[in-house]
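Visitor:
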Amino acid sequence: DTEETKSAGLVNRLIAEKDNPQADVFWSGDPVRPALLEFKGMVTPYFSSAASDIPKIYKDEDGHWTGFSARARIILYNSSLVSMDERPLSIFDLAKPAWRGQVAIANPLFGTTSIHMAALFILLGDEKAIKFLNDLKANGVKIVSSNSEVRRLVARGEVKAGITDTDDANVAVREGSAVKIVYPDESGMGTLIMPNMVCLIKNSPNQENGKKLIDYLVSSEVEKSLAFAMCAQMPLRHYVRTPADVLTIDAVKGMNVNYHDVAKKLDEIGEFLKQWAGY
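Counting in the numbering used here, the sequence shown runs from 51 upward without gaps.
1. For Asp-341, is the classification buried or exposed, using 16 other Cβ atoms within 10 angstroms of its Cβ as the cut-off for buried?
2. So within the stretch 71-145, which uninterrupted alpha helix (DSSP H) runs reach at least 4 residues, ignoring any that extend past its ends?
3. Is DSSP giving Asn-246 helix, strand or coil here?
4. Rounded to a whole number of angstroms, what is the C-alpha to C-alpha distance between Val-82 and Lys-314?
5. Which runs of the alpha helix (DSSP H) fall wholly inside the stretch 157-225 and span at least 4 residues, in chain order?
6. Quick one: any contact between the stretch 172-187 and the stretch 143-154, if contact means 3 or more CB pairs under 8 Å?
7. Do Pro-138 and Leu-286 come within 8 Å of each other at the CB atom, strictly closer than that value?
8. Identify which residue in Pro-255, His-166, Glu-225 has its Cα closest to the Cα of Glu-80.
9. Buried or exposed, going by whether 16 or more other CB atoms sit within 10 Å of the CB of Ala-301?
10. Would you mind stating whether Phe-118 and Val-268 have Cβ atoms separated by less than 8 Å?
11. Val-312 lies in the alpha helix (DSSP H); which residues open and close that run?
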């Protein structure tokens, strides 16, 4: 359950199969990996009629990928160790002395943490983003293998807080752990919203069946199912019914970033992130 095996590993396999595709559809749990395949000319545009009521911001205007049900990057904190008044409201709070050695994040080279880093570089600019990450490192942040490991550390009280995704955080909440969720930076830049993305692989063996699968995945029926599942994902359609503990997409202030730009930035900052993480 490492971020490397879940994201980069699968994308690299698809790239290796480029000249002889084995998969028809790529369902990505984040909004950036399909853009990476698009840049390599590996995606066939497809406009699914089932996605007509999904907001345009979550669909590629040229039909290369379509988004549905989203997760968000959040701060999870241990409510037995941290009071409401002490809780961090911004990711920048986690670089302050009060949180020294008490914060965990997943490996920033892979998965949603890497995407979060790229989004920060876009919004803050390179200089401010590097300063924040260096401040975080100097404050003793713990770099662990996965977002689920962040969740476990916070739930066990081995750290007071961590940056993770809503699906992992929700597992701890529904297990009854002493944790609470903060959607950070609501008065500032917002947090990163990460819809699932699905795309049709170019020259795949079963294109028509692939289109049918995409039609199903982007449907309101699937969005409702994912909202009620343990992953507790937020529907992109405002009318889809959700459990009481699942926010609607409109209730969260999202970062104003373009997913194509994030994908490009991810490649640019790779060497810095390796150095920062100690690889």
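Backbone N, C-alpha and C define an ideal beta-carbon position, used for all residues, glycine too.
Guide: Reading it off the structure:
1. For residue 341 there is no data in the structure shown, the boundaries of the chain being 51 and 329.
2. 83-89
3. Your numbering for residue 246 matches position 196 in the sequence shown. Asn-246: strand per DSSP, three-state reduction.
4. Residue 82 sits at position 32 when you count from the first residue of the sequence shown. Residue 314 sits at position 264 when you count from the first residue of the sequence shown. The alpha-carbon atoms of Val-82 and Lys-314 are separated by roughly 9 Å.
5. 161-174, 176-188, 197-206, 216-224
6. yes
7. Your numbering for residue 286 matches position 236 in the sequence shown. Your numbering for residue 138 matches position 88 in the sequence shown. No, they are not a contact pair.
8. Your numbering for residue 80 matches position 30 in the sequence shown. Reading off the sequence shown, one finds Asp at residue 80, where the question assumed Glu. It is His-166.
9. As a first step, residue 301 is located in the sequence shown; it is residue number 251 there, counting from the start. Label assigned to Ala-301: exposed.
10. Here residue 118 refers to the residue found at position 68 when the sequence shown is read from its first residue. Here residue 268 refers to the residue found at position 218 when the sequence shown is read from its first residue. Yes, the pair counts as a contact, with Cβ atoms nearer than the cut-off.
11. Counting from 1 along the sequence shown, the entry for residue 312 is found at position 262. Note, Val-312: alpha helix (DSSP H), 309-318.
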